[in-house]
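Protein chains: 2
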Amino acid sequence: MTAVADRPTLGSPASALVCRNCGAQFPLGAQHACFECFGPLEIGYDADALARVTRADIEAGPHSLWRYAGLLPVGQNPATRVDSGTGMTPLIRADRLADELGFTAPVWVKDDSANPTHSFKDRVVSVAITAARELGFSRIACASTGNLGNSVAAHAARIGMPSIVFVPSDLEAPKIVQSAIYGGTLVGIEGSYDDVNRLCSELSETDEFESTGFVNVNVRPYYAEGSKTLGFEVAEQLGWRLPAQYVAPMASGSMLTKINKAFKELVAAGLVPSSQWSVFGAQSAGCAPIATAFASGADVVVPVKPTGIAKSLNIGNPADGPYALDAVRGSGGAMAAVGDEEIREGIRLLARTTGVFAETAGGVTVAVLKKLAASGELDTSRETVVFNTGDGLKTIDAVSGGARPTAVIPPTIKGMRAAGLL
Amino acid sequence: MTAVADRPTLGSPASALVCRNCGAQFPLGAQHACFECFGPLEIGYDADALARVTRADIEAGPHSLWRYAGLLPVGQNPATRVDSGTGMTPLIRADRLADELGFTAPVWVKDDSANPTHSFKDRVVSVAITAARELGFSRIACASTGNLGNSVAAHAARIGMPSIVFVPSDLEAPKIVQSAIYGGTLVGIEGSYDDVNRLCSELSETDEFESTGFVNVNVRPYYAEGSKTLGFEVAEQLGWRLPAQYVAPMASGSMLTKINKAFKELVAAGLVPSSQWSVFGAQSAGCAPIATAFASGADVVVPVKPTGIAKSLNIGNPADGPYALDAVRGSGGAMAAVGDEEIREGIRLLARTTGVFAETAGGVTVAVLKKLAASGELDTSRETVVFNTGDGLKTIDAVSGGARPTAVIPPTIKGMRAAGLL
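Here the protein sequences line up with chains A and B, keeping their order. Following the UniProt record's numbering, the numbering of the first sequence begins with 1 at its first residue and continues without gaps. Following the UniProt record's numbering, the numbering of the second sequence begins with 1 at its first residue and continues without gaps.
Okay, here's the thing in structure tokens:
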């Protein structure tokens, strides 16, 4: 495997892999765990390089996440990018949602169901596959709760790279079909996501998988940076400033922490004015290890066996749980968990007030927004951004019982009258 | 009802409603049939106004279909627009698809599954609801084969306008659920789309529906113009030039003809160089009244009773059939129809070569591309654009039988070996 550091850097602002536990630094390459303490690695940047990025540079870039290449570890040379048109998804001003929840400040919905495979995973996959190619991998793989598999398989098909996607075999049917349709290899695992993830970690160490980049295992430091673009876009779409509060769903906890990292990097690079913001984390009651730790004041996240309809969030042993706790506590935010019926109501609330049809994870986030606004833990007088990370069509069965025709009638005026519609 | 002509025009280039049969002209307003001959009306423009639109004006506009407001009948004042972020969907260079079909020229996929409710209908609805508000309607309605209903209900929810959507009650489940989730009224009709359409025409004449704008009945002249933006975008995304060939699906036949109209308007306005292009129309064998007329050399489209999996194209009595025949014949193009198994294979072919997961209508279009390329009716040495109008998640059952996991195994290395994956 060729290390990125061995190649022309093409102006990458990334400088090293940095251990999130002990701070040890390593050269950029296909490494994801610290050689010193086994802690997880993330990308470290040259602060001077980040500070050279200007708003004008970004605004002159493509209408996709690659406009932020100057703030990402790879893809500075457009020819190296895997570009599916991901990113620059709508930031929707949700006045009717705000009114219904008693907000006096604006509420915005960042709608990542608008990405090509209809989830925020297209962001992390765009960055991860670009990195994987630069790192010399010839096949791409992932452990997925569904959306990631959809995105990996689609991007691999787009560029003609073999793919192998691992998912729990009991996923929602649309997510299974969408991962399979692109013609790559799809492996259903009889077990939980945590079982799938463990198997992928083991496989990544085998000789047979030496040339395979698991986007969220051995390419994870690059992959995770893709989520920062959610934060970058919100700031740019608000006119280069940060919101006072944001609410994000938590599965591994990575996305929530990376949006926070993005906001910090934007301030450090002088791209937005410095401001205070609070971070709020959403989980489903069926899988709430991070929210449970938050509620009890614990630093350690105790793994759980997931249940409930929000399958895309069903990670019982969340890798970034402690970092999510830090981000939320350090910002004066909060976390909450909501049950399946609240999740369904969250989907309906978002749909009827904004026209955005979210998957169950989006229902979790909106329901937590509602819950924390009602409890006062979230301040309804402060501008708030809610992240919808996926599409309602992928979890259609969760709401189909409560989303039926008002009436079914014959094609006649008489039929309309009999149904009370005329 | 206030006529548009009674209001400040806000710089609209539209000048009249023009009968497509007899050429009679009428003031802009909520009229859709000719008072002289009962023919369908379309929007006529002031040629000078269109000629004043520049590439620079368009490029300086929003990254949505509203960048083309200078070429549309409504929405010149941004405050009047219903803007869901529709449009500027990816134009994907499909080299792997081209190779597989023996093309020596580039093939492009215009992917409208990237629109907010994941079909091209968001275009016509954006324009129609904007027009309906300007025309003074207080409720919005439609007759739909599914995608249109999804889009009308979502846009109505976004702006807080009541909606009533009429669909055949036997539609695909995801399309039913998506129309219902936004909280408007959804009426399932026991009958075909043609029955639904007839009922909506009748209802639009009743007192109770006087304030209701049926986007594809009494607002149809405005509605149909939205499809032109598909053509505008392709031209801009190709660097302000037209492709030599395009392939579009046909339900009513409207979209295919409006792309052709868009190309003509771009040439007339001096926005692209004049060039020759050929138009190709795609139908499913289960509902091929236009393609049948084309094959037999007839000018009259004989209605059929639709069958088959491409339900979004199942319009047995297509309003714009004769105009689609004119566009195709006048350009030296062709039409073809494909069966359900070819449609499924078309979906898989597109997915595995481009990463685009299309609904059955997209499968029809790709299968017809393949068929006409093989027969030589479509020239594989000429640059070709294929329109994907909808999303595979909405017709998931059509392909679920052929899109299953490669293997289902226990979460172990041993399980991988037993399945031949290691």
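Cβ coordinates follow ideal geometry from the N, Cα and C atoms, glycine included.
- In this chain, the beta strand (DSSP E) harbouring A:Leu17 covers 14-19.
- In the DSSP annotation of this structure, A:Gln31 is not part of any alpha helix (DSSP H), being labelled neither H nor E.
- Neighbours of A:Val127 in chain B, taken as residues whose beta carbon is under 9 angstroms from its own, are absent, since the nearest beta carbon is some 16 angstroms off.
- Apart from the 5 residues on each side of it in sequence, B:Ala16 sits with its Cβ closer than 6 angstroms to the Cβ of Gln25, Gly44 in its chain, given in chain order.
- Rounded to whole angstroms, the Cβ separation of A:Val302 and A:Tyr222 is 29 angstroms, and the two are not in contact under 8 angstroms.
- In this model, B:Gly39 and B:Arg20 are separated by some 6 angstroms (Cα to Cα).
- When beta bridges are read from the DSSP output, B:Cys37 appears opposite no residue.
- In terms of Cβ geometry, A:Gly61 and A:Arg67 form a close pair [threshold 7 angstroms].
- At a C-beta separation below 8 angstroms, A:Pro90 has these neighbours in chain B: Ser84, Gly85, Pro116.
- Residues of chain A whose Cβ lies closer than 7 angstroms to the Cβ of B:Asp195 are, in chain order, Pro411.
- For A:Ser169, the chain B residues whose Cβ falls inside 8 angstroms of its Cβ are Pro405, Val408, in order along the chain.
- Counting the other CB atoms within 10 Å of its CB gives A:Phe357 a total of 16 or more, which places it among the buried residues.
- With respect to the C-alpha of B:Thr307, the residue from B:Lys371, B:Glu265, B:Gly286 having the closest C-alpha is B:Gly286.
- Nearest C-alpha to B:Ala244 among B:Val125, B:Lys371, B:Ala69, B:Gly333: B:Gly333.
- For A:Glu36 against A:Cys22, the beta-carbon gap comes to about 6 angstroms, under 8 angstroms, which counts as contact.
- Within its own chain, the residues whose Cβ lies closer than 7 angstroms to the Cβ of B:Ser12, once the five positions on either side in sequence are excluded, are Pro73, Val74, Gln76, listed in chain order.
- Look at B:Val300 here: in three-state DSSP terms it is coil, with no helix or strand label.
- DSSP, reduced to helix, strand and coil, places B:Met250 outside both helices and strands of the structure shown, so it counts as coil.
- For A:Pro405, no beta strand (DSSP E) run applies, since DSSP gives it neither H nor E.
- B:Asn197 sits in a helix when the DSSP states are folded into three classes.
- Secondary structure of B:Met335 (DSSP, three-state): strand.
- Look at B:Gly390: its C-beta is not under 7 angstroms from any C-beta on chain A.
- Neighbours of B:Lys394 in chain A, taken as residues at a C-beta separation under 9 angstroms, are given in chain order as Leu393.
- Under the Cβ criterion of 7 angstroms, A:Ser331 is not counted among the residues facing chain B.
- In this structure, the beta-carbon distance from A:Ala361 to A:Ser400 does not fall below 7 angstroms.
- For A:Gln283, the enclosing beta strand (DSSP E) has its first and last residue at 278-284.
- Under a criterion of Cβ atoms nearer than 7 angstroms, the residues of chain A adjacent to B:Ser400 are, in order, Ala173, Val177.
- A:Pro168 sits in a strand when the DSSP states are folded into three classes.
- The straight-line gap separating the alpha-carbon atoms of A:Phe166 and A:Gln283 is approximately 23 angstroms.
- Here the alpha carbons of A:Gly183 and A:Ile164 stand approximately 10 angstroms from one another.
- Taking a C-beta distance under 7 angstroms as the contact criterion, A:Val215 and A:Cys142 qualify as a contact pair.
- Beta-bridge analysis with DSSP links A:Arg96 to no other residue.
- Check the Cα spacing between B:Val368 and each of B:Met416, B:Gly102, B:Ala337: the tightest is with B:Ala337.
- Counting other Cβ atoms within 10 Å of its Cβ, A:Pro78 stays below 16 and is therefore classed as exposed.
- At a beta-carbon threshold of 7 angstroms, none of the residues of chain A lie near B:Gly213; the nearest stands roughly 17 angstroms away.
- Judged by DSSP secondary structure, A:Ala319 falls outside any alpha helix (DSSP H); it is assigned neither H nor E.
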